[in-house]
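Report on one structure; see the data block that follows.
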Amino acid sequence: MILVDSSVWIAHLRGATTPATMKLEAAATREPLLVGDLILLEVLQGARDDAQASRIERALREYAIVSLLDDQLAAQAAR
């Protein structure tokens with residue numbers, strides 16, 4: 781399983797060809813990809829409008845969405 785960073789998803793969605801997006805495209809056919817809840821948030825914040833956000837969300841929900849942070853960890857990280 782591969783957890784893909786928001787910067788890679790954003791570059792991919794913008795159609796950029798980078799080493800990271802090429803690895804993402806190759807991995808998508810070979811291995812399960814994970815989308816973190818915080819990564820989903822970051823990617824959706826960059827959408828131009830609600831329609832684009834809906835399309836992006838549908839696409840990313842094709843992959844497993846995992847929680848990256850809980851209330852205990854958030855409190856610990858803040859200290």
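Here the working numbering = 1-based position in the sequence shown + 780.
Just so you know, even glycine gets a beta-carbon here, dropped at the ideal spot from N, CA and C.
Where the alpha helix (DSSP H) containing residue i begins and where it ends
{"i": "V815", "result": "It is not in any alpha helix (DSSP H) - V815 instead sits in the beta strand (DSSP E) that spans 813-816."}
{"i": "A844", "result": "No alpha helix (DSSP H) contains A844, which is instead part of the beta strand (DSSP E) from 844-846."}
{"i": "A854", "result": "851-858"}
{"i": "T798", "result": "Element bounds for T798: n/a, residue is neither H nor E."}
{"i": "A833", "result": "830-840"}
Same chain, Cβ closer than 6 Å to residue i, five either side skipped, listed in chain order
{"i": "D850", "result": "none"}
{"i": "V815", "result": "L840, Y843, I845"}
{"i": "T797", "result": "none"}
{"i": "E811", "result": "I782"}
{"i": "A791", "result": "T798, T801"}
{"i": "A833", "result": "L824, A827"}
DSSP beta-bridge partners of residue i
{"i": "L783", "result": "L814"}
Other residues of its chain near residue i: CB distance less than 8 Å, five sequence neighbours each side excluded
{"i": "S787", "result": "A800"}
Own chain partners of residue i with C-beta closer than 7 Å, once the 5 adjacent residues on each side are dropped
{"i": "I836", "result": "L793, V823, L824, A827"}
{"i": "L783", "result": "L814, G816"}
Contact under 8 Å by Cβ, residue i with residue j
{"i": "L818", "j": "L848", "result": "yes"}
Buried or exposed by the 16-neighbour rule on C-beta atoms within 10 Å, applied to residue i
{"i": "L820", "result": "buried"}
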